[in-house]
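Protein chains in written order, with my numbering: chain H, 1 to 250; chain P, 1 to 289; chain E, 1 to 308; chain G, 1 to 402.
Glycine included, each C-beta is placed from N, C-alpha and C at the ideal position.
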Amino acid sequence: MSAVLEVSGVSKRFGAFRALTDVTFDVREGETLGLIGPNGAGKTTLFNIITGFLRPDAGGLHYGGEAIDHLSPERRVSRGMVRTFQKSMVFPELTVRENIAMAARQRAGVGLRWGGAQRRLGAAEARVHQLIGDSGLRRSGGERMSDLSYGEQRIVDLLISLALEPRLLLLDEPTAGLAQEEAERLLQIVRHHDARTSVVLIAHDIDIVFGACDRIAVLNLGQVLCCGTPEVVRADASVRAAYLGALADS
Amino acid sequence: MGYAIVQVLNALSFSALLLLTALGLSVVLSLMNFINLAHGSFYLLGSYIAVFWFASGAPWWLAFPVAFLATALAGALLERFPFRGFYARTHLMQVLLTYGLSVVFADLMRWGFGAQILSPELPEPLQGVVFLLDMPFPVYRLFLIGVGFFLAGILWVLLDRTLWGAVVRASVADRGMVETLGIDTRRVLSAVLVLSAGLGGVSGALGAGMLAAYPGLDEEVLILALVTVVVGGLGTFRGTVLSALVVGFALTFSKVWFPEFANVVAFSAMAVLLLLRPAGLVAPRLRQV
Amino acid sequence: MVAVAGLSAAALLAGEFHLRFLAEILIIGTAVMSLDLLVGFGGLVSLGHAALFGAAAYAAAVAAQHLGGNLLFILGTGIAMGAAVAALMGAVIVRTSSLFLLILTLLLGQIVWEIVFHWRDVTGGADGLRGLPPLSFGPWVLSSARPLFLLAGLLALAALWLAHSFVDAPLGRALIGSREQPIRMSALGYSIPRIRFLTMLVAGAIAGAAGALYPFVNLYIGPQSVHWTLSATMIIMLVIGGVGSLWGAFLGSAVYLAIQTYISAYTDRWQLFVGLIFVLTVLLLPNGLAGGLRRLASRMRRRRAQQA
Amino acid sequence: MRDDAQPRLAATRRRLLVGAGVSTLLPLARPVLSQGARPLRIGMVTSLSGPFTALGESMRAGMQLLLSQSGNSMAGRSVEFLVEDDAARPEDGVRKARKLIGQDRVDVICGVISSGVALALRDVVTEAKVPTFLLGSANDLARKAASPYIVRPTKTNWMLGHTAARWAYDKVSKARVLTVGSDYAAGREYVGDFVQTFQQLGGRLGRQLWTPLGSADFGPLLTTIASERPDMVFGFFAGSDAVRFLRQWKEYRLAGRIPLVGPGAFFDQEDVLPAVGDAALGAVNAFNQSPTAPASANFNRAYMAAGKPLPGEFSTNGYVCGQTIKAVLERVEGDLSDWEKARAALFAEPVDTAFGRIPFDPRNGQAILDIHVNEVRRSADGKMINTVVHTYESVRDPGPDA
């Protein structure tokens, strides 16, 4: 199984604060990699670097075997690298359908069209319908986003990302603030989407991560403590000391 | 040599004036994230007060505290309604509300003070001149330089170096947290706005000797202040001071070297500056996501 | 439909002065509507919109002086000039937002103003250009009020249609997205600078078309039409009319110009009226008169439905 | 030309807007009476907002003074006076003029301060064939833009720039004269006309400085002037620029050291001098208006009796404009229907005004004026007053010959 993404030796400082130090790991094709660690461990910073929103001070990224450090966030997206954000980032004034269509049109290469390309636009619309139908959302799609519940918004948030047909999907705490049932439905949508999609999942809920992920990387104070299958991570003494233990104590 | 020194002093005095006009605007923007385009009106009101005070024969230096208090009072009234309801609104709505108010105030002041250009008779001690290597430089401008940077210093200490300043900043950053400490954040925010309005008035009183007072000055001053604050980078006090110097020197030396094209040169310089540093000279670090 | 009916009714009934006044409202309204694309849909508050409008107006006036007033040629010149200045401005502002954008557009617009003001040989400087040849279309000379009014009406309708099609197209949707969630838009692979740049071009072209006709209402063009104060006035008109509604722009320019034209004959305090109406709109009708009318209409419809 | 299909639509809108109180102004509300009894409607376009507000208010006050002195009637016809604000914007001015013509159906248009507005109005009033008494001072108004429907009872910029150069060359300095001007149309004309005449007389100039309209700070410029050490400065600024320049001129101790000469608007008695203290003391200006000119004495008294300050150019302009309109009407017994005849009657004989006895140039309708050389002096009660020290009689703009 080849690696979709290789992160090698990435470091990032903000002033005197070392957000990331020499972070190295890879994401394999089709796998779901969990990324856990306490608050401030650098998980979101790492996402920002992978997706090009931030530049690393040192180290590099390879995506599909190719160095991508010079690519803008938009170019990385066009190569199938898609992320979500910690808080829900939907378009509140638009309808559900329009929210998802925003991504579907971009995927179809007609995101900035003004006239023409009717066939591709139609295909994008169809894709939106299909995504809404498959999601199990009991919504027609004509509702304004701001009228939806938080859980539904997070699901639409995910559907927006899926409409881009990602090769690598980076999910930043998609289940935060959701009830157990909603969180599971959301993960189910991810898993059923496409077996070839690799997923990196940040989540606070240990059960979810250990249940849903093929491998897990543990980040603490900007460093990778351990990376491996759930069993390996569970057995790792340093993880236990730094993270799991602390959780267990609290 | 004397020529160069005096031109530098000219630039410094204009920078001081810019700094004075921009301080109040910068304070509300940096501490409360509130854009007050009615700031020019506070300035002009302060200028009118100074003109009438100097003419009244009362002790001249009292004009400045009086201008401060009068405009602070106006600020306090406006704070209750309608500013307070707009602190949490978008910048666009704040811009629209306060710009609309400035249009109203402009016409009210024209109504009250007339359309004539009024100019204060400067008090005796400020009328002098010093000669630097045979080149004249007015004492009043030295006074402006001194007061401008002195006021900036006081504000810096007050807001950056005292507990009160910390409370203000904390009230903006995390309102709930400060309120659990038993501090009424609404009053803190009111106090900042009142301070800012007072600063507008006192700068108007100080600047009246240079810019005079007439309908339309409010808008001219507002633009100068806004450019200064924005070039400095929104929401940083250091940036405003730096930017007042940069803009002041740019405007002054473009007048020295290219008097005919002074505005084009200065505007272009500022536009290029904003292009190179899209978040201003001193950009606050903000986490985006 | 209503708009077309209103325009034709006015063309039949109104007199010389009123037709010309309505033509001015429609032309300015078209420019304000193009500003609505930036402000209402893109969240880009520009204080340099008069520079696009005015530069196009000057280009059209100068072209007419030298090459005659052929309508299509003049319109083409204005559109090209509006789009060209918009391209320059767009290239500069695409990466800024909020107050930075406001000030940057102000500075750029004032640079255009300074050029117009100082290039006396071509622009007439502070006095402006006077005695322009009237517009012509084939054998028809469009100098009297009625054809000018009809022309302005056609321009307004065409621009309104164009703006609607823009807003409904993927590009317009992307513009709204870039206003609502710029970060998410980049994460979806949209280039926000590109969206903004294209929008500037469209807004510039529409403002340019309006600017092209403007000098021919009075056969005069002056530097005030480039000045930032006109940009600020346009924003006032837009807010009174209703940000984000497109057609509200015409309402806003009509209200503003009517106040300025009619109230000022009776009181020097007309600016106070404008200011108060503006502030009241911001306080009470955040979506302007257009939003207010729409709400009123839907309430009446509901009441009628209840009665039925 | 006037459109007789007066719109009902507009009349109702107006009624809605302004209520019944002003319905007397409605054009349709009155029956058409015989020419003699129908009131004369005078429309004034002037700046009541924008940068020339103070000047516009003075102009209106001057005109109103004349009207009240005449009992609101001229040559037996009662007068209705309508004022419209042009905000110093040509587009607004044109719209207001069209409103006065098309809706209010005025018989005469007058006023205007900004040259841009005046030039923009030129074609509108000419096309509509409305007699117009235009007060802007751009040279073109007496030259390329002259019109048979326009009468100009005021100066052109050339008349002041030219005269100032003659005085400066004869009495102040023949060389090392520095010019400084506000960089817009009027500044360019005043300084350009001064330079032309001064050089024709054989004078030699030093540097020529220009500064943008609306400058907040003249310090850099004044320091440059101080370092140039010229023998004389010819300058022009208007309004707030003039006030700031003159005050700072004194602060930098140039007042009293370098003679300052300019056109009168730079030292206007009503607009500028009261705001600058003694900063302009000793400065010399060429002006068609002076409160110390004998012709102005009666007007001064009446104007000040109305609670106004010592009059400056624009209040006098407004008054003189009214005097001229009145003179025309009296010469044709109130019947303006034949403008050709009325115009000939005006040109036939000079008119007595607060500017003196002025003949009109039949080529362009331009007044031929006495231009005073004023020195700013301190009066007995401490006021700064433009005091006539010399008068160049009958200065005539070159007009179409220029």
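Taking all protein chains in view, the Cβ of LEU224 (chain P) is crowded by 16 or more other Cβ atoms within 10 Å, so the residue is classified as buried. Only exposed fits THR162 (chain P), as fewer than 16 other CB atoms lie within 10 angstroms of its CB. VAL85 (chain E) and PHE278 (chain E) have their C-alpha atoms spaced approximately 29 Å apart.
Any Cβ of chain P closer than 8 Å to the Cβ of PRO400 (chain G) would place that residue at the interface, and such an atom is absent. Here the C-alpha atom of PRO131 (chain G) lies approximately 16 Å from the C-alpha atom of THR154 (chain G). Interface criterion not met: the Cβ of GLU24 (chain E) is under 8 Å from no Cβ in chain P.
Taking every protein chain shown into account, the CB of ALA159 (chain E) has 16 or more other CB atoms within 10 angstroms, so this residue is buried. For a cut-off of 8 Å, the C-beta gap from THR21 (chain H) to GLN223 (chain H) is around 5 Å, short enough to register as a contact. In the three-state scheme derived from DSSP, where H, G and I count as helix and E and B as strand, PHE133 (chain G) is classed as strand.
Check the Cα spacing between GLY114 (chain P) and each of G:ASN139, G:GLY56 and G:ARG77: the tightest is with G:GLY56. At least one CB of chain E lies nearer than 8 Å to the CB of VAL124 (chain G). Secondary structure note for MET145 (chain H): it is in no alpha helix (DSSP H), with a DSSP letter that is neither H nor E. For VAL96 (chain H), the closest C-alpha among the options H:THR51, H:GLU125, H:ALA176 and H:LEU186 is that of H:GLU125. Taking 9 Å as the cut-off between beta carbons, the residues of the region 97-113 of chain P near chain E are LEU97, TYR99, GLY100, LEU101, SER102, VAL103, VAL104, PHE105, ALA106, ASP107, LEU108, ARG110 and TRP111, in sequence order. DSSP links TYR220 (chain E) through a beta bridge to E:ARG130.
For the region 18-51 of chain P, the set of residues with a beta-carbon nearer than 9 Å to any beta-carbon of chain E comprises LEU29 and ILE35, in chain order. Going by C-alpha positions, SER243 (chain P) is about 7 Å away from LEU281 (chain P).
Interface flag for PRO259 (chain P) against chain E is unset, since no Cβ pair is found closer than 8 Å. Using a CB distance below 7 Å, the part of the region 278-302 of chain E facing chain P consists of PHE278, VAL279, VAL282 and LEU283, ordered along the chain. Taking C-beta separations shorter than 8 Å and ignoring five residues to either side along the sequence, the partners of LEU61 (chain H) in its chain run LEU5, GLU6, VAL7, SER8, VAL10, ILE49, ILE50, ALA67, ILE68 and ASP69, following chain order. The way I'd put it, the region 160-174 of chain E doesn't touch the region 255-265 of chain E; fewer than three beta-carbon pairs between them come closer than 8 Å. Distance from TRP167 (chain G) to ALA286 (chain G) at the Cβ level is roughly 6 Å; contact confirmed, criterion being Cβ atoms closer than 8 Å. Nearest CB-CB separation between GLY90 (chain E) and chain P: not below the 8 Å threshold. Beyond the five residues adjoining it in sequence on each side, ALA142 (chain G) comes within less than 7 Å, by CB distance, of ARG152, THR156, ASN364, GLN366, ASP397 and GLY399 in the same chain, given in chain order.
If the five residues before and after GLY192 (chain G) are omitted, its C-beta is found closer than 6 Å to no C-beta atom of its own chain. Only residues of its own chain outside the window of five on either side were considered, and among them VAL28, PHE83, PHE86, TYR87, GLN94 and LEU193 have a CB closer than 8 Å to the CB of PHE34 (chain P), listed in chain order.
Taking GLU182 (chain H) as the centre and dropping the five residues before and after it, the same chain places the C-beta of GLY151 closer than 7 Å to its C-beta, in chain order. Non-local beta-carbon contacts of LEU97 (chain P) in its own chain, meaning distances under 6 Å to residues more than five positions away in sequence, involve PHE86 in chain order. From the beta-carbon of THR197 (chain H), no residue of chain E is found nearer than 7 Å; the closest lies around 16 Å away. In the three-state scheme derived from DSSP, where H, G and I count as helix and E and B as strand, LEU33 (chain H) is classed as strand. At a cut-off of 8 Å between C-beta atoms, TYR319 (chain G) does not count as an interface residue with respect to chain E. By the criterion of a C-beta distance shorter than 6 Å, VAL178 (chain P) is surrounded in its chain by ALA170, SER171 and THR185, once the five residues flanking it on both sides are discounted.
Beta bridge pairing from DSSP links ILE28 (chain E) with no other residue. Contact between GLY189 (chain E) and VAL77 (chain H) holds: their C-beta atoms lie close to 3 Å from each other, under 8 Å.
Taking 8 Å as the cut-off, the Cβ atoms of MET74 (chain G) and LYS326 (chain G) count as close. In the three-state DSSP reduction, ASP268 (chain E) falls in the coil class, being neither helix nor strand.
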